[in-house]
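Asks: Numbering (UniProt numbering), first residue to last: 8 to 410.
Glycine is no exception: its CB is placed at the ideal position from the N, C-alpha and C atoms.
Fair warning: this is a prediction, and the values are worked out from it, not measured in the lab.
Before we start, here is the structure in question, set down as structure tokens.
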Ligand code: PMP
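Right under this line is the structure:
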């Protein structure tokens, strides 16, 4: 007899359980295109050479130890990460209106940010997320005391691009002062992003409505390979004098997945509030996990603050994002060659690690059963999970499924 005798099974995590199914599949020919991590063209996980270089330097650095970091994290990292997001010359930073704390990667930053909002944001305000979004966007707000999320339209299944009209309608009908979660680039799972012009129009509506944008930047530099291009929305909103929140992750763009390296920033309109915001963010963090891990933050800070290493990192971002773009083209061409019904141009228009293929649940099941190819049941595939030698196999399976 155990006090936990009656404990029910928790619902499985759809992404993590796909990985188990894939690993346990005895088939010789199988493929996992559900992973949310970069893989090389050999299908291997990847440590960025610049990260290796910094880690090698760290091994011999006598100034490093395993003492605790401050509750708010590593100073050099906090300063540099805000500048990466909003720009070196960001007015908000120069005016001292930006508060940044280190966080347990993107997930942890969202959690701390939303708990902070549940304490200090207008009671009853709702968090809105895109109708298609990273599954944790739905789960974190209620657990952080912000209640169930609302949805705004995001994806147009016909064009396989952003449903910008629907999005604007929903954002302008949300009650004033709502919290709007936005993916600044490389939208997960659809791969559909707003154009620069659309970001500007959205910014105007958000300002008029007094909404609070909460940007979730998990892929800066990973979409186009250009850190500055990928931060357009962040830089633009901040330049308009809007108050906002930002979670940042270095999981993808530095390949620091397991090091839990990230940050939460809050831009406020008045410098005099900043010190109080910081003390309250620390109040959220301290009883949650006390202080953040040091290793990844040291790596990121070293790269961000050293121009030579920063250039190398840029080169590696171009390499990773370039390989993903090549896979998009390769898959499109393979499907066109097979004359698979439908237009596949969208594969190249979508951006970032993921693509919404338009495959239906039954088609996904069919592909899994017959071809041992694992993808999310909503038809999302990870381009990073594809390689030159597996593109044709996937295209053949998709062809078979939609015929
Ligand atoms: N936001 C989005 C949109 C993501 O896709 C991810 C990673 N899959 C994250 C946040 C957070 O990831 P992590 O906690 O590993 O930084």
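I'd like to check one pair, residue 110 with residue 269: are the Cβ atoms closer than 7 Å?
Replies: yes
Asks: Under 5 Å from any heavy atom of ligand 2, by CB: list those residues in chain order, please.
Replies: Ligand 2 is absent from the structure shown, which contains only ligand 1.
Asks: Secondary structure at residue 345, three-state DSSP: helix, strand or coil?
Replies: coil
Asks: For residue 276, which residues of its own chain have a beta-carbon under 8 Å away from its beta-carbon, when the five flanking residues on both sides are left out?
Replies: Same-chain partners within the cutoff: 104, 248, 250.
Asks: Should residue 126 be labelled buried (16 or more other beta-carbon atoms within 10 Å of its own) or exposed?
Replies: exposed
Asks: Less than 7 Å between the beta carbons of residue 100 and residue 89, yes or no?
Replies: yes
Asks: Measuring straight from C-alpha to C-alpha, what distance separates residue 336 and residue 48?
Replies: 14 Å
Asks: So what does DSSP say about residue 229, is it helix, strand or coil?
Replies: coil
Asks: Whose C-alpha, out of 389, 137, 185, 408, is nearest the C-alpha of residue 39?
Replies: 389
Asks: Could you tell me whether the Cβ of residue 237 comes closer than 7 Å to any Cβ of chain C?
Replies: As a matter of chain content, chain C is missing from the structure shown, which is built from one protein chain.
Asks: My understanding is that residue 134 touches residue 153, with C-beta atoms under 8 Å, so please give their C-beta distance in whole angstroms.
Replies: 5 Å
Asks: From residue 359 to residue 294, what does the alpha carbon distance come to, in whole angstroms?
Replies: 35 Å
Asks: Residues in its own chain within less than 7 Å of residue 120 by CB, not counting five upstream and five downstream?
Replies: Here the set comprises 221, 252, 254, 271.
Asks: Out of 52, 16, 19, 14, point me to the one whose CA is closest to residue 264's CA.
Replies: 52
Asks: Compare the beta carbon distance of residue 306 and residue 391 with 7 Å and say whether it is the shorter of the two.
Replies: no
Asks: Quick one: Cα of residue 7 to Cα of residue 113, how far?
Replies: The chain is shown from 8 up to 410; residue 7 falls before or after that span and cannot be answered.
Asks: Thinking C-alpha only, which one of 34, 314, 325, 408 is nearest residue 368?
Replies: Measuring from the Cα of residue 368, the nearest candidate turns out to be 408.
Asks: Under the DSSP definition of a beta bridge, which residues are partnered with residue 268?
Replies: 111
Asks: Give the DSSP bridge partners of residue 224, in chain order.
Replies: 255
Asks: Just the C-alpha distance for residue 262 and residue 186, rounded to the nearest angstrom, thanks.
Replies: 29 Å
Asks: Near residue 28, what residues of its chain come up, given a Cβ to Cβ distance below 7 Å and the 5 sequence neighbours on each side ignored?
Replies: 381
Asks: Based on Cα-Cα distance, which residue from 146, 143, 183, 85 lies nearest to residue 129?
Replies: 183
Asks: Here's the rule I'm using: 16 or more other beta-carbon atoms within 10 Å means buried, otherwise exposed. How should residue 46 be labelled?
Replies: buried
Asks: Look at the alpha carbon of residue 10 and the alpha carbon of residue 216, and state the distance between them as a whole number of angstroms.
Replies: 50 Å
Asks: Taking the straight line between their C-alpha atoms, what separation do you get for residue 132 and residue 231?
Replies: 34 Å
Asks: May I have a chain-ordered list of the beta strand (DSSP E) segments no shorter than 3 residues that lie completely inside the stretch 46 to 118?
Replies: Along the length of the stretch 46 to 118, whole beta strand (DSSP E) runs at least 3 residues long occupy 105 to 111, reported in chain order.
Asks: Is it buried or exposed for residue 203, if we count other Cβ within 10 angstroms and need 16 for buried?
Replies: exposed
Asks: Relative to the alpha-carbon of residue 116, which residue among 363, 385, 325, 256 has its alpha-carbon at the smallest distance?
Replies: 256
Asks: Secondary structure at residue 10, three-state DSSP: helix, strand or coil?
Replies: coil
Asks: Can you tell me which of 43, 214, 356, 394 puts its alpha carbon nearest to the alpha carbon of residue 175?
Replies: 214
Asks: Pull the bridge partners of residue 387 from the DSSP assignment, please.
Replies: Looking at the DSSP output, residue 387 shares a beta bridge with 363.
Asks: Residue 354 to residue 362, Cα distance in whole Å?
Replies: For the pair residue 354 and residue 362, the Cα-to-Cα distance works out to about 7 Å.
Asks: Residue 381 by DSSP, collapsed to three states: which one?
Replies: strand
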